[in-house]
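Novice: For the sequence shown, our numbering begins at 9 and goes up steadily by one.
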Amino acid sequence: MTLARYIYTPDPQEGTLLTPINNSAPIRFFIDNLPINRQGVDPLMRGLEIGMAHGYWLYGPFTLLGPLRNAGPLVATLVGLVSTLGLILILTIGLSLYASLADDVPEFGREGWSRVAGGFLIGGVGGAIFAFGLLQISPLFLGILGLP
Numbered sequence: 009m010t011l012a013r014y015i016y017t018p019d020p021q022e023g024t025l026l027t028p029i030n031n032s033a034p035i036r037f038f039i040d041n042l043p044i045n046r047q048g049v050d051p052l053m054r055g056l057e058i059g060m061a062h063g064y065w066l067y068g069p070f071t072l073l074g075p076l077r078n079a080g081p082l083v084a085t086l087v088g089l090v091s092t093l094g095l096i097l098i099l100t101i102g103l104s105l106y107a108s109l110a111d112d113v114p115e116f117g118r119e120g121w122s123r124v125a126g127g128f129l130i131g132g133v134g135g136a137i138f139a140f141g142l143l144q145i146s147p148l149f150l151g152i153l154g155l156p
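1. On the CB-based measure, 16 or more other CB atoms within 10 Å of its CB, does TRP65 come out buried or exposed?
2. Buried or exposed for ALA125, please, with buried defined as at least 16 other CB atoms from any protein chain shown within 10 angstroms of its CB.
3. According to DSSP, is THR10 part of a helix, a strand, or is it coil?
4. When DSSP labels each residue in this structure, what does LEU26 get in the three-state scheme?
5. Within its chain, find whatever has a CB closer than 8 Å to the CB of MET9; leave out the 5 residues flanking it on each side and keep chain order.
6. GLY127: buried (16+ other C-beta within 10 angstroms of its C-beta) or exposed?
7. Between the C-alpha atoms of SER108 and LEU148, what's the straight-line distance to the nearest angstrom?
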């Protein structure tokens, strides 16, 4: 039984090895349904969805593991929010630079990548603020439920 096989592709960056991991049906289904690969979605919406996810999940580590995590709950959450917004801004600048500096951008073109970057910024800021808001009102919900 062969677990991996080589295929010939003229472009070495595409990869030449098919394995059970990168060629199985569930993995293909997952990769094809990621926002960046989904067919028929506007680039702005792709960037918005990707940005919301990144803003939301980047907020937690900055808040709970940041250098000011023991400075008080409000300080830690605010520093986590500002740090997340800073990283989202840096990532947006990187996306914008990619769109303006890449010679051949086949996926969306320069205008499309610019829209992805704009959506990423809006979504990332929104996701981080949403996570911040959830953390701020969590004591209220815990009090209503009678949990410590």
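A virtual CB, placed ideally from N, CA and C, is assigned to each residue, including glycine.
Specialist: Taking the definition as stated:
1. exposed
2. Buried, because 16 or more other Cβ atoms sit within 10 Å of the Cβ of ALA125.
3. Confidence at THR10 is low in this model, with a pLDDT of 47, below 50, so its placement is unreliable and the value that follows should be read with caution. Coil.
4. In the structure shown, LEU26 sits in a strand (DSSP, three-state: E or B).
5. Because the pLDDT at MET9 is just 42, under 50, the model does not fix this residue reliably, and the value given afterwards should be weighed accordingly. Cβ neighbours of MET9 beyond the five flanking positions: none.
6. buried
7. 46 Å
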